[in-house]
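Here's the structure we're looking at; comments come further down.
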Amino acid sequence: MYQGQLKSWNDGRGFGFISSNEVKSDVFIHISSLKHMQRSPKNGDVIYFDVTKQDDGKLRATNCRIQGVAFKNKATNRRHKNNSRFLSKLILIAVILAAVFIYQKFTLSTEQVENKSLMTEPVDTWFEKSQRFSCQGKQHCSEMTSCEEAEYYLSNCPNAKIDGDHDGTPCERQWCTGW
Numbered sequence: 000m001y002q003g004q005l006k007s008w009n010d011g012r013g014f015g016f017i018s019s020n021e022v023k024s025d026v027f028i029h030i031s032s033l034k035h036m037q038r039s040p041k042n043g044d045v046i047y048f049d050v051t052k053q054d055d056g057k058l059r060a061t062n063c064r065i066q067g068v069a070f071k072n073k074a075t076n077r078r079h080k081n082n083s084r085f086l087s088k089l090i091l092i093a094v095i096l097a098a099v100f101i102y103q104k105f106t107l108s109t110e111q112v113e114n115k116s117l118m119t120e121p122v123d124t125w126f127e128k129s130q131r132f133s134c135q136g137k138q139h140c141s142e143m144t145s146c147e148e149a150e151y152y153l154s155n156c157p158n159a160k161i162d163g164d165h166d167g168t169p170c171e172r173q174w175c176t177g178w
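Numbered per numbering that gives the first Met the number 0, the sequence shown spans residues 0 to 178.
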């Protein structure tokens with residue numbers, strides 16, 4: 000490993016030249032060979048480096064470090080990135096769980112309101128039901144508009160084909176689901 004002094008540095012373009020008593024000519028140095036250092040080099044910095052000869056015959060500094068400047072702590076950066084990723088995933092999961100909880104609470108309260116309204120409504124009499132519906136030749140569940148209508152047809156109309164399992168509940172899959 001050689002030692003030299005940074006003779007010139009172009010910060011905008013990211014390169015410079017090192018002069019060393021151990022090497023006959025100035026050695027080209029690029030910022031990429033110093034990317035692990037905590038700061039950019041400055042004119043006059045003492046640089047430790049290896050030399051490689053490029054295809055064009057010029058010398059290039061590799062494996063460089065600046066005397067008195069610490070290396071970047073890669074482990075800390077990785078750990079910080081991993082913590083950030085973990086934290087963002089944790090926040091995402093928390094948001095999803097909160098959304099599910101709110102959705103369930105909303106649907107449960109809506110169902111309770113609907114159940115209360117069903118329980119507080121007066122029970123329709125047979126006369127009121129017969130006033131709303133009349134036998135119009137409907138035979139299948141696809142022709143019905145509600146469970147109430149299907150029940151009326153099952154009780155009062157001939158040729159209704161809406162209770163396939165003969166359990167007294169019509170249109171179980173479509174209207175009178177029970178949930």
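Heads up, the beta-carbon is just placed ideally off N, CA and C, and yes, glycines get one too.
Assignment of beta-bridge partners to Y1 by DSSP yields F48. By the neighbour-count criterion, in which 16 or more other beta carbons inside 10 Å mark a residue as buried, F132 falls on the buried side. No Cβ-Cβ contact shorter than 8 Å links V50 with Q2. The criterion of a C-beta distance shorter than 8 Å is not satisfied by F16 and D10. Two segments are said to touch when three or more pairs of C-beta atoms, one from each, lie closer than 8 Å; by this definition the region 81-89 does not touch the region 34-44. S18 places its beta carbon less than 8 Å from that of Q4.
For the set M143, S31, K23, I92, the Cα lying nearest the Cα of R12 is the one of S31.
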